[in-house]
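For the sequence shown, the residue numbers in the UniProt record's numbering are 1 to 309. All residues carry an ideal CB built from backbone N, CA and C; glycine is no exception. Working notes, structure below.
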Amino acid sequence: MANVDVRLLRYFIAVAETGHMTRAAERLGIGQPPLSQQIRVLETQLGVTLFERLPRGMALTDAGQAFLSDAYEVVRKLDQAVDDVRRVAAGVKGRLSVGFTSSAALHPFVPTVIRAFRSDAPSVSLMLDESSTGELLDGLRDGHIDVAFIRQPQGNTGEITVVQVLEEPMVLAVPSAHPLARTGRGGKSAKSVNADVPMTAIASEKLILYRRRAGQGLYDAIIAACHGAGFSPAIEQEAPRLLTTLSLVAAGLGVSVVPASLMRMQIEGIVYRPLTPPPRAPLCCAYREGVLAGPTARLLEHVRTVAEA
1 MANVDVRLLR YFIAVAETGH MTRAAERLGI GQPPLSQQIR VLETQLGVTL FERLPRGMAL
61 TDAGQAFLSD AYEVVRKLDQ AVDDVRRVAA GVKGRLSVGF TSSAALHPFV PTVIRAFRSD
121 APSVSLMLDE SSTGELLDGL RDGHIDVAFI RQPQGNTGEI TVVQVLEEPM VLAVPSAHPL
181 ARTGRGGKSA KSVNADVPMT AIASEKLILY RRRAGQGLYD AIIAACHGAG FSPAIEQEAP
241 RLLTTLSLVA AGLGVSVVPA SLMRMQIEGI VYRPLTPPPR APLCCAYREG VLAGPTARLL
301 EHVRTVAEA
């Protein structure tokens, strides 16, 4: 049936189901003579007689009966393929790979977008990947990742569109027994407090930072804020992940500067303090340049909706 026009199959099915050329033509919205002609074209192409022409209708021959089930299957598969490709183009079917850095994933913006997309397009196969900013950008270029949530990238971002969706202050994370953990109100300590700590107060502190290779944007923002306050920080350690950074702070090995969204991580032994002036931590959405369609375009619609909310 490789050379048979699918329209002929639909015509054949209509005649087979109605058992009548005129009623089939009415169902199809065409004239009876053209339909009769098209059925003869199909029979000629197949080299068989599909119908017996009766005084009051049409009856399938044995060959026609055998052909009917195959015609149903071909039309069904074609209709399914057309529906699938339209659903992929609409972004409600297909595959989507989303990457994020560990600090981006801990901001409520990212799970809010993912949750909204999953609710809107449950048939899309969604893959999530946590990695460093550099690795995510490479994944976007290679086509292994469709969208990535990152902090501010540094260096060449050719072929990649990077859109800042929000910006948040960074805060000081200190061990709960540290002098900077005190509120100044009766010496009480808390998980988080409102009294600001000047950036200059950490000039003499051992600083634990998220490794620059993994989060260059955050790292450089912290260093720039220290230089802006008139000092070069004493970096004690660089940790591979933000949660590792906080674990080292909780162990009393130093202090750290982290995005304010990490205050949601209520880790025993850590107090968060606002900084003044606070370093700023942007959150960005990155994707490949070019025509956007399918699940990628649909996810970016949710990014815009959540960002504008």
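query: Alpha-carbon spacing of residue 153 relative to residue 29, whole angstroms; result: 59 Å
query: C-alpha distance - residue 70 paired with residue 261, whole-angstrom precision; result: 59 Å
query: DSSP three-state assignment for residue 65, whether helix, strand or coil; result: helix
query: Beta-bridge pairing of residue 109 - partner residues as DSSP gives them; result: For residue 109, which the question treats as bridged, DSSP gives no partner whatsoever.
query: Run of the beta strand (DSSP E) containing residue 256, from where it starts to where it stops; result: 256–259
query: Straight-line Cα distance separating residue 286 from residue 161; result: 6 Å
query: Alpha-carbon spacing of residue 273 relative to residue 168, whole angstroms; result: 14 Å
query: Identity of the residue in 299, 283, 305 and 301 nearest residue 107 by Cα; result: 283
query: Selected residue, minimal CA-CA separation from residue 309, among 99, 112, 51 and 96; result: 112
query: Rounded straight-line distance, which links the Cα of residue 179 to that of residue 290; result: 52 Å
query: Pair within 9 Å by beta-carbon distance, residue 310 and residue 209; result: The structure shown does not extend to residue 310, since the chain is modelled only from 1 to 309, so the question has no answer here.
query: Cα-Cα separation, residue 143 to residue 96; result: 11 Å
query: Short Cβ contact (9 Å threshold) for residue 109 with residue 67; result: no
query: 7 Å CB neighbourhood of residue 43 in its chain, flanking five on each side removed; result: 49 and 50
query: Beta-carbon proximity check, residue 206 vs residue 255, cutoff 9 Å; result: yes
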